[in-house]
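Visitor:
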Amino acid sequence: MAADRKKLAERLRLYLICGEGDSPEAVIKKAAAAIEGGVTAVQLRVKSWTGRECYDTALALKKICSAHGALLLINDRLDIALAAGADGVHLGQKDLPVGAARRLAGTDFIIGGTARTPELAREAQQLGADYVGCGAAFETATKGDAVVIGPDGIKKVLSAIDIPSVAIGGIELGNVKYLAGCGASGISLSGAIMRADDPKKAATALIKEAGRVLGG
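Each residue of the sequence shown is one higher than the last, beginning at 1 in full-length UniProt numbering.
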């Protein structure tokens, strides 16, 4: 298991969240460019699309991710993740419980959980989560209800678990340095790449900075 966790941690180094605010075609185009630039994991997260749009986009993203060795995860929708052959699913506190998803998806399927307290992080690990997303690291426009716990808060949460993790929330090239020593395996972000003029160039700069700050 330790070796598997180490490998997963490496594949979570630059974790792109995409979907909301873009058309399916734009998501595929931008994500493809970002993957070429160094993104190691992609999460499709959309609340406003139809199930068919999510499924078709997931299929397209899976082909691109597989060709470049990147992970594809789907937010919330376990059904679409399984149907599209995604590598995993990410579940928030209000989504399907991690334990229930594990029973449906099996042992080889990646399941991520969300935690902003040590108690929630431990619970996610105990229920079978393979990694956790922890934050918000900084103020973020992507999720208006996000509670900022900062780098110190992330460090406190992650010290309670020993599974891989990503710091999330308001992360951009200029503030990655403040995450040094927080214990995260990688950084998870959206706008810094999806709203960039050149997603590939943005991803290249971010993966380099993540490696410098987080190690590896």
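Note that the Cβ used here is the ideal one computed from N, Cα and C, for glycine as well. Just so you know, these numbers come straight off a predicted model, no measurement behind them.
(1) Kindly indicate which three-state DSSP category residue 43 falls into: helix, strand or coil?
(2) Please work out which residues of its chain come closer than 6 Å, Cβ to Cβ, to residue 76, disregarding the five sequence neighbours upstream and downstream, and give them in chain order.
(3) Can you list, in chain order, the residues of its chain whose CB lies under 6 Å from that of residue 43, leaving out five sequence neighbours each side?
(4) Please report the Cβ distance between residue 39 and residue 14, rounded to the nearest whole angstrom; I am assuming they are in contact, meaning their Cβ atoms lie under 8 Å.
(5) Going by Cα to Cα distance, which pick from 36, 106 and 182 is closest to residue 82?
(6) Could you spell out where the beta strand (DSSP E) holding residue 188 opens and where it closes?
(7) According to DSSP, is residue 33 helix, strand or coil?
(8) At 3 residues or longer, what runs of the beta strand (DSSP E) sit wholly inside the region 86 to 114?
(9) I'd like the list of long-range same chain contacts for residue 129, defined as Cβ closer than 7 Å, with 5 residues on each side in sequence excluded.
(10) In the structure shown, what three-state DSSP assignment does residue 193 receive?
Guide: The short version:
(1) strand
(2) 95
(3) 17, 73, 75 and 90
(4) 5 Å
(5) 106
(6) 186 to 189
(7) helix
(8) 88 to 91
(9) 98, 111, 112, 113 and 163
(10) helix
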